[in-house]
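S.K.:
Number of protein chains: 2
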Amino acid sequence: MSERQASRREVAELVGRIGRIAYSFGGRSGLTPAQWTALRFFARANRFSRTVSAFAEFHSTTRGTASQTVTGLVRRDYLTRRRSKRDGRSARLDVTDKALAILAHDPLDDLERAAGVLSARARSDLVSSLACVLGELAERRGRRPFGMCPSCRHLETEECAVERPRYSCRLVGESLGADETQQICVDFSPIQPGG
Amino acid sequence: MSERQASRREVAELVGRIGRIAYSFGGRSGLTPAQWTALRFFARANRFSRTVSAFAEFHSTTRGTASQTVTGLVRRDYLTRRRSKRDGRSARLDVTDKALAILAHDPLDDLERAAGVLSARARSDLVSSLACVLGELAERRGRRPFGMCPSCRHLETEECAVERPRYSCRLVGESLGADETQQICVDFSPIQPGG
DNA sequence: CGTAATAGTATCGATTCCAAACTATCGTGT
DNA sequence: ACACGATAGTTTGGAATCGATACTATTACG
């Protein structure tokens, strides 16, 4: 085995192990790993993406399983369900204050803190490399990469002279608040292929 | 939220997403993600680490669950169980030819190939950054990082003038073949903390 | 020889998981 | 207006996972 291939395998092994340690721990919250993933998703997703189907995509599971996970969280008052007025089939899930409270003690914060041992430069390189790998893997598996507006080809930025820039999405054809450009989106499509 | 914290969160989100996509796909093998993880582990672990307990540590699960997963793989002839002669409580699991055959088409290979889009330099940096984060995260969670001899403080290298170097492990007090220094070990302890 | 620790298994109920069938709504084309 | 297929989401069933707990057997320590 060549050096090149060895380092590829190392990437896969390390990501797998970190992901596993991060995923498998729910703390004493009474929430399962899947429920934690769902809460994080609905807290971070923009208003077009807070649906059962988008979460199923995000979590790489079926809509049926995602539906069950969401139902459990709604029943426990971590999410509220609101039927869409535009599309009678669709419903939007929003996190409750109870969810925000528990998310303040997210066990995944351990991973964030662990990333803090890297220098800012190393962390920046790590993020771009991971984004690149994720984009490539998502493409190979036929999955959506998810991501935020700043690197999305659907974002339209209207520079105004005096005011702040105005953002909108070419895909859904709606204007976006500046904060919404920092939320994750199911329709994200990277400007440069692969990250 | 500062830039520093934002990039930490991005690391966590990206690792989580990549890990999830990589983990959740079993292909048409009939094996579950947990079973794939077990097969990979027993194929990559050294002879001191191919036990139910070590796999439970590796997979961040309980010994009970790990026992069930292993039992299923033994029943399907992917693993063989051999009781230890030194320790009557312990048993060693070895992968069968059937397991090696299916591992040749490991769905996780997609992730390795995705890592191939990075330059060798970027990949090398990625590996060391991830190893650093993993070491730190494992410490925070009180988990073993697992790793290989070259960066383990238990490795003893005896340099011989004409012959190849001889390796041994200070912890278990046994000599190691050169190939065994490239297998993952439950007793791995990094030379530099967090590295 | 007795006690504590360790390796592993067995069992429980809750959850996850996928697949498949199902309802309801939307979009398109005629 | 109507049929058709696509989409959003739920439901059901069976297998597997999961954590917790209790359990057996063996080893280590004193």
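Protein chains in written order, with the working numbering: chain A, 390 to 584; chain B, 390 to 584. For every residue, glycine included, the Cβ atom is placed at its ideal position computed from N, Cα and C.
1. As a quick exercise: from A:Leu462, A:Phe437, A:Glu501, A:Cys549, pick the residue whose alpha carbon is nearest that of Asp476 (chain A).
2. Thr570 (chain B) by DSSP, collapsed to three states: which one?
3. If we define contact as Cβ-Cβ less than 8 Å, is Ser449 (chain B) a contact residue for chain A?
4. Could you compute how far the alpha carbon of Ala504 (chain A) sits from the alpha carbon of Ala550 (chain B)?
5. Just the chain A side, please: which residues come within less than 7 Å of Ser413 (chain B) by C-beta, in chain order?
6. Would a check of beta-carbon distances place Ser418 (chain A) closer than 8 Å to chain B?
7. Interface residues of chain A around Phe431 (chain B) at Cβ under 8 Å?
8. Out of A:Phe430, A:Ser396, A:Gly562, A:Glu399, which has the shortest C-alpha to C-alpha gap to Arg398 (chain B)?
9. I'd like to know if Phe444 (chain A) contacts chain B, where contact means its C-beta is closer than 8 Å to some C-beta of that chain.
10. If you run the structure through DSSP and keep just helix, strand and coil, what is Leu420 (chain A)?
11. My output table needs one value for Val506 (chain A): the three-state DSSP class, helix, strand or coil.
12. Under 8 Å, Cβ to Cβ, is there at least one residue of chain A near Arg529 (chain B)?
13. What are the residues that DSSP puts in a beta bridge with Gly536 (chain B)?
14. Given a threshold of 16 other Cβ atoms within 10 Å of its Cβ, counted over all protein chains shown, does Gly584 (chain A) qualify as buried or as exposed?
15. So, are the CB atoms of Val516 (chain B) and Ala432 (chain B) less than 8 Å apart?
16. Going by beta carbon distance, what residues of the same chain come within less than 6 Å of Phe414 (chain A), once the five residues before and after it are set aside?
17. Where Glu402 (chain A) and Ala493 (chain B) are concerned, what is the direct C-alpha to C-alpha distance, given to the nearest angstrom?
18. Any C-beta of chain B sitting closer than 8 Å to the C-beta of Phe580 (chain A)?
19. Give me the chain A residues within the contact set of Cys521 (chain B), using Cβ-Cβ distance strictly less than 7 Å, ordered along the chain.
20. Enumerated in chain order, which unbroken segments of the alpha helix (DSSP H) with a length of 4 residues or greater are wholly contained in the region 437-482 of chain A?
21. Is the beta carbon of Ala423 (chain B) sitting closer than 8 Å to the one on His448 (chain B)?
22. So Leu565 (chain A) is in the beta strand (DSSP E); what residue range does that whole segment cover?
23. Kindly list, in the order they appear in chain A, the residues whose Cβ is closer than 7 Å to that of Ala490 (chain B).
24. Leu544 (chain B) CB to nearest chain A CB: under 8 Å?
25. Does the region 539-555 of chain A come within contact of the region 534-547 of chain B, defined as at least 3 CB pairs closer than 8 Å?
26. Where does Glu545 (chain A) fall in DSSP's three states?
27. Between B:Val441, B:Thr451, B:Gly531, B:Thr454, which has its C-alpha nearest Arg472 (chain B)'s C-alpha?
28. With a 10 Å radius around its C-beta and 16 neighbouring C-beta atoms as the bar for buried, classify Thr426 (chain B) as buried or exposed.
29. Take Arg452 (chain A) and list the residues in its own chain whose beta-carbon comes closer than 8 Å to its own, dropping the five residues that flank it on each side.
30. Provide the residue span of the alpha helix (DSSP H) that contains Ala490 (chain B), from first to last.
31. Using a Cβ cut-off of 8 Å (strictly closer), state whether Ala567 (chain B) contacts chain A.
32. Quick check on DSSP: helix, strand or coil for Ala550 (chain B)?
33. To which residues of the same chain is Ala488 (chain B) closer than 6 Å at the C-beta, ignoring the five residues directly before and after it?
34. Name the DSSP beta bridge partners of Cys558 (chain B), please?
35. Report all residues from its chain with a CB closer than 6 Å to the CB of Ala527 (chain A); omit the five preceding and five following residues, and keep chain order.
M.R.: Walking through what the data contain:
1. Here residue 476 (chain A) refers to the residue found at position 87 of the first sequence. When only C-alpha atoms are compared, the closest one is A:Phe437.
2. Position 181 of the second sequence holds residue 570 (chain B). In this structure, Thr570 (chain B) counts as helix in the three-state DSSP scheme.
3. Start at 1 with the first residue of the second sequence, and residue 449 (chain B) comes out as number 60. Yes, Ser449 (chain B) counts as interfacial toward chain A.
4. The residue labelled residue 504 (chain A) in the question sits at position 115 within the first sequence. The residue labelled residue 550 (chain B) in the question sits at position 161 within the second sequence. Cα to Cα, the separation comes out at about 42 Å.
5. Numbered from its first residue, the second sequence carries residue 413 (chain B) at position 24. Here the neighbours are Ser449, Thr450.
6. By 1-based counting over the first sequence, the position of residue 418 (chain A) is 29. It does not: the Cβ of Ser418 (chain A) has no partner Cβ on chain B nearer than 8 Å.
7. Here residue 431 (chain B) refers to the residue found at position 42 of the second sequence. Residues of chain A passing the Cβ test: none, with the nearest at roughly 14 Å.
8. Here residue 398 (chain B) is taken as the residue at index 9 of the second sequence, counted from 1. It is A:Phe430 whose Cα lies nearest to the Cα of Arg398 (chain B).
9. Looking up residue 444 (chain A) in the first sequence gives position 55. No, Phe444 (chain A) lies away from the interface with chain B (no Cβ there is under 8 Å from its Cβ).
10. The sequence position of residue 420 (chain A) within the first sequence is 31, counting from 1. The answer is coil: DSSP assigns Leu420 (chain A) none of H, G, I, E or B.
11. Along the first sequence, read from residue 1 onward, the residue named residue 506 (chain A) stands at position 117. In this structure, Val506 (chain A) counts as coil in the three-state DSSP scheme.
12. Along the second sequence, one-based indexing puts residue 529 (chain B) at 140. Cβ-Cβ to chain A under 8 Å: yes for Arg529 (chain B).
13. For this step, residue 536 (chain B) is matched to residue 147 along the second sequence. According to DSSP, which records beta bridges pairwise, Gly536 (chain B) is partnered with B:Cys574.
14. The count along the first sequence starts at 1 and reaches residue 584 (chain A) at position 195. With a pLDDT of 44 at Gly584 (chain A), under the threshold of 50, the modelled position of that residue is not reliable, and no figure is offered here.
15. As a position in the second sequence, residue 516 (chain B) is number 127, starting the count at 1. As a position in the second sequence, residue 432 (chain B) is number 43, starting the count at 1. Cβ atoms of Val516 (chain B) and Ala432 (chain B): not closer than 8 Å.
16. Along the first sequence, one-based indexing puts residue 414 (chain A) at 25. So the list reads Pro496, once near-sequence residues are dropped.
17. Position 13 of the first sequence holds residue 402 (chain A). Position 104 of the second sequence holds residue 493 (chain B). Straight-line Cα distance between these residues: approximately 16 Å.
18. By 1-based counting over the first sequence, the position of residue 580 (chain A) is 191. For the record, residue 580 (chain A) in the displayed sequence is Ile; it is not Phe. So no, Ile580 (chain A) is outside the interface.
19. The count along the second sequence starts at 1 and reaches residue 521 (chain B) at position 132. Correct list: Val506, Leu507.
20. 441-447, 452-464
21. Position 34 of the second sequence, counted from the first residue, corresponds to residue 423 (chain B). Position 59 of the second sequence, counted from the first residue, corresponds to residue 448 (chain B). Yes, Cβ-Cβ distance for Ala423 (chain B) and His448 (chain B) is below 8 Å.
22. As a first step, residue 565 (chain A) must be located in the first sequence, where it is residue number 176. Run containing Leu565 (chain A): 563-565, per the beta strand (DSSP E) assignment.
23. Here residue 490 (chain B) refers to the residue found at position 101 of the second sequence. By Cβ distance, chain A contributes nothing, its closest Cβ being about 18 Å from Ala490 (chain B), past 7 Å.
24. Translated into the one-based positions of the second sequence, residue 544 (chain B) becomes position 155. No, Leu544 (chain B) does not count as interfacial toward chain A.
25. no
26. Start at 1 with the first residue of the first sequence, and residue 545 (chain A) comes out as number 156. Glu545 (chain A): strand per DSSP, three-state reduction.
27. For the purposes of this step, residue 472 (chain B) is taken as residue 83 along the second sequence, with counting starting at 1. Checked all of B:Val441, B:Thr451, B:Gly531, B:Thr454; the closest Cα to Arg472 (chain B) is B:Val441.
28. For the purposes of this step, residue 426 (chain B) is taken as the residue at position 37 of the second sequence. Counting Cβ neighbours within 10 Å, Thr426 (chain B) comes out buried, since at least 16 surround it.
29. Counting from one through the first sequence, the residue named residue 452 (chain A) turns up at place 63. Within the same chain, Arg452 (chain A) has close Cβ partners Val441, Ser442, Ala445.
30. Residue numbering aside, residue 490 (chain B) sits at position 101 when the second sequence is read from its first letter. Per DSSP, Ala490 (chain B) belongs to the alpha helix (DSSP H) from 486-492.
31. The count along the second sequence starts at 1 and reaches residue 567 (chain B) at position 178. No, its Cβ sits nowhere closer than 8 Å to a Cβ of chain A.
32. Within the second sequence, residue 550 (chain B) is the residue found at index 161, counting from 1. Note: Ala550 (chain B) maps to coil in three-state DSSP.
33. Your numbering for residue 488 (chain B) matches position 99 in the second sequence. So the list reads Leu428, Tyr467, once near-sequence residues are dropped.
34. On the second sequence, residue 558 (chain B) is found 169 positions in, with the first residue counted as 1. Answer is B:Leu544, B:Glu563.
35. For this step, residue 527 (chain A) is matched to residue 138 along the first sequence. Closer than 6 Å at the Cβ level, and outside the excluded window around Ala527 (chain A), lie Pro534.
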